[in-house]
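K.L.:
Following this message is one structure expressed as structure tokens.
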């Protein structure tokens, strides 16, 4: 496996990335919370892009994968800045964003703030506003007190070590919410969501579909698909969604 290249963001964070040259628009993959750019979906899209001669880039947010920084020091705002730095510093022309889970939230922030750069958007089990609607909403009163007074709380995780949720990620997340204010998506947009997702309830995808505005927005619900959305048929659906938005939404 080739070694990544590194980008230093305007904020001074060191971001690892892999980039493949090709025709535009560039497809850019944004990973999920405590995931990285080596996941099945990112690598599958990279292989597809190379076969198509399509420009592609994947990266690790700070505190994830091979990028610098500690996960517990990060927040949604930092990771959105990382994604913006990758897009602005390493790509030219239009970009199709593909965001998985937290990466879906980051992609929606970029779509809102840098819409002129986007040719399309694909999200996979997008988790917008999860710090507020997931963590904070589901905390007990004791957990809320602990995170505010001690600065962090530890949660059990199905994906390895306990998940440390900090006061910073909660408070910063409140400044990045996308489901409480207008969310225009004026380009072809595809949302993908599994009905058996134990981490992001399908109701989140329905809320996002109802909230976002645009002329070409579709949601695909896949019966039985879980949060990983990495089975062969599911990977094929991701590629199809990317191809649709690259074609201007024609299906």
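Numbering (UniProt numbering), first residue to last: 1 to 251.
Here a beta-carbon is modelled for each residue, glycine too, at the ideal position from N, C-alpha and C.
(1) Which full runs of the alpha helix (DSSP H) of 4+ residues lie inside the region 12 to 90, going along the chain?
(2) Just to confirm, are residue 213 and residue 190 a CB contact at a threshold of 8 Å?
(3) Does DSSP put residue 195 in a helix, in a strand, or in coil?
(4) In chain order, which alpha helix (DSSP H) runs of at least 4 residues are fully inside the region 155 to 179?
(5) Measuring CB to CB, does residue 110 end up less than 8 Å from residue 83?
(6) Let me confirm a value: residue 41 is counted as buried when at least 16 other C-beta atoms fall within 10 Å, else exposed. Which label applies?
(7) So, under 8 Å CB-CB, residue 164 and residue 229 are touching, yes? Tell me the CB distance rounded to an integer number of Å.
(8) Please report how far the alpha carbon of residue 200 lies from the alpha carbon of residue 158, in whole angstroms.
(9) Tell me which residues share the same chain as residue 107 and place their Cβ nearer than 7 Å to its Cβ, disregarding the 5 neighbours each side in the sequence.
(10) Checking 8 Å against the spacing of the C-beta atoms, do residue 13 and residue 69 come in under that value?
(11) Can you name, in chain order, every residue of its own chain whose Cβ lies under 8 Å from the Cβ of residue 142, other than the five neighbours on each side?
P.N.:
Reading off the structure:
(1) 40 to 52, 76 to 90
(2) Within the chain shown, numbered from 1, the residue matching residue 213 stands at position 213. Within the chain shown, numbered from 1, the residue matching residue 190 stands at position 190. No, they are not a contact pair.
(3) By 1-based counting over the chain shown, the position of residue 195 is 195. Looking at residue 195 - three-state DSSP - the assignment turns out to be coil, as it is neither helix nor strand.
(4) 167 to 173
(5) Position 110 of the chain shown holds residue 110. Position 83 of the chain shown holds residue 83. Going by C-beta atoms, residue 110 is nearer than 8 Å to residue 83.
(6) Looking up residue 41 in the chain shown gives position 41. Answer is buried; the Cβ neighbour count reaches 16.
(7) Sequence index remark: in the chain shown, residue 164 carries index 164 (1-based). Sequence index remark: in the chain shown, residue 229 carries index 229 (1-based). Wrong, their Cβ atoms sit about 25 Å apart, outside the cutoff.
(8) Position 200 of the chain shown, counting from 1, holds the residue named residue 200. Position 158 of the chain shown, counting from 1, holds the residue named residue 158. Going by the C-alpha atoms only, they are around 14 Å apart.
(9) The residue labelled residue 107 in the question sits at position 107 within the chain shown. The residues are 30, 97, 99, 121, 123.
(10) If you number the chain shown from 1, residue 13 lands on position 13. If you number the chain shown from 1, residue 69 lands on position 69. The answer is yes: Cβ separation under 8 Å.
(11) Within the chain shown, numbered from 1, the residue matching residue 142 stands at position 142. Nothing listed; no residue qualifies.
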